[in-house]
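Asker:
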Amino acid sequence: MRLDPLFESHRAQVYAWAYRILQREHDAQDVTQDVYLRWWHSRSNGAALTSPAAWLRRVTVNRALDVLRERHRDPQDDFRLAPSGVGRCDGTAPTAGARAEERERRERVSRALGGISERQREVVVAKVFDGLTFAAIAAQMNLSVPTVKTHYLRGLAALRDALHAERVT
Amino acid sequence: MNCDELNDHLADYLGDELPEEVRHSVDEHLARCAACRGEAMSLTATVSALRSLEPPARAPGVAGGLRASSRAAGLLAYAAVLLAGVGLGYVLRPAAPAPPGGGSSGGALALHAGGVHPGWVREWSGAAAPGGASPLVRNLAIFTRSLGTGADG
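Given below as structure tokens:
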């Protein structure tokens, strides 16, 4: 059975968005599958068809953040953490404690991303994760370029404050 | 460049979209303005923190997972169609003929309750065909003869 070709063309990107937030393959796969089902049910939805990339980015990031919140609520989940790929500059393997610390730091960054407004988050993800220009983001989101830049700066400032409160940066 | 002008360029500065000559002016301002430098550095650190959320090195099993799921969905759809067909066949089964004398034997009731209509049993056994073979038996005979004819021809 073939996937919807339009979704198929964005599938790797959907997986990458989910993975960046969750940092685990199996969670990212679950989110990708879930987003596909949502896409299937919403494929006649105007917003999904007008700008599939923007729609998929928003739905994927929101779903991944939901999974992150569920993970955070489950204390047993720490025992199922996948090994991190964090290495040290001297080439030696990081200790288990260092890996756990790095994982926790990344989770805090992802959680902070969930704490800013959806519009700001969309712009920040499109800019930082996808490397799009402000003009491209504005076109995808049907906004003006100055508005996109404002969302970007405010989103980054809100993230900075959240991360600073958690002593991540 | 003053602080207001720097703010106008800050998004482009952080987003790596500044022309080189403007970037140079921004860098000059940041070198002499501690407040703007602090703001720019803290936001740059935030972008770095976001970039530390590494992208996947590969996308293993995504296609497999989705396709496995699609196969499962296909099997479920097949099972649903099969069940619907059986259900439809039951609903559209021939109406029960009025029992002789207005009653019904216990055996016929048991057959009916089990989804087998008493009328079908009579049809299959030929009991319902007065004075000769049932239509089913007659059709079977015609079919068998046609096979024989086909073989001969």
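Residue numbers (our numbering), protein chains in the order written: chain A, 1 to 169; chain B, 1001 to 1153. Each residue gets a CB set at the ideal place from its N, CA and C atoms; glycine is no exception. The model shown is predicted, which means the values in this text are computed figures rather than measured ones.
Assign G97 (chain A) to buried or exposed, taking buried as 16 or more other Cβ atoms, counted over all protein chains shown, within 10 Å of its Cβ.
Answerer: Flag for G97 (chain A) reads exposed.
Asker: Tell me which residue opens and which closes the alpha helix (DSSP H) that L143 (chain A) is part of.
Answerer: Element bounds for L143 (chain A): n/a, residue is neither H nor E.
Asker: Over the uninterrupted alpha helix (DSSP H) stretch that includes G1038 (chain B), give me the two end residues.
Answerer: Residues 1034-1051.
Asker: Tell me whether the segment 49-61 of chain A and the segment 16-28 of chain A touch, counting them as touching only if at least three CB pairs, one residue from each stretch, are closer than 8 Å.
Answerer: Taking 8 Å as the limit for Cβ pairs, the verdict is that the segment 16-28 of chain A does touch the segment 49-61 of chain A.
Asker: Suppose you measure from the CA of S44 (chain A) to the CA of L6 (chain A); what does that come to, to the nearest Å?
Answerer: The straight-line gap from Cα to Cα measures roughly 12 Å.
Asker: If you pair each beta-carbon of the segment 1042-1051 of chain B with each one of the segment 150-166 of chain A, do three or more pairs fall below 8 Å?
Answerer: In short, these stretches touch, since the Cβ pair count reaches three.
Asker: By how many angstroms is the C-alpha of V1026 (chain B) removed from the C-alpha of V67 (chain A)?
Answerer: V67 (chain A) and V1026 (chain B): Cα-Cα distance of roughly 40 Å.
Asker: Once DSSP output is grouped into helix, strand and coil, what is the label at H10 (chain A)?
Answerer: The answer is coil: DSSP assigns H10 (chain A) none of H, G, I, E or B.
Asker: Whose Cβ in chain B lies nearer than 7 Å to the Cβ of A126 (chain A)?
Answerer: Going along chain B, no residue has its Cβ under 7 Å from A126 (chain A), so there is no contact; the nearest lies around 11 Å.
Asker: Keeping to the same chain, check which residues put their C-beta closer than 6 Å to that of E170 (chain A); ignore five residues upstream and five downstream.
Answerer: Here chain A covers residues 1 to 169 and nothing more, so residue 170 (chain A) does not appear.
Asker: List, in chain order, every chain B residue whose beta-carbon is nearer than 7 Å to that of V59 (chain A).
Answerer: Here the premise fails: no neighbours, minimum Cβ distance about 16 Å.
Asker: Looking at C-alpha atoms only, which residue of A:H26, A:A54, A:R106, A:W55 is the closest neighbour of S1052 (chain B)?
Answerer: The shortest Cα separation from S1052 (chain B) among A:H26, A:A54, A:R106, A:W55 belongs to A:R106.
Asker: Going along chain B in order, which residues have a C-beta closer than 9 Å to the C-beta of I116 (chain A)?
Answerer: Within 9 Å Cβ-Cβ: nothing; I116 (chain A) doesn't reach chain B, min ~11 Å.
Asker: So is the beta-carbon of S42 (chain A) under 6 Å away from any non-hydrogen atom of the ligand HEM?
Answerer: The model depicted lacks the ligand HEM and carries no ligand whatsoever.
Asker: Looking only at its own chain, which residues have a Cβ that is under 7 Å from the Cβ of I137 (chain A), when we skip the five neighbours before and after it?
Answerer: So the qualifying residues of the chain are V123, A126, K127, V148.
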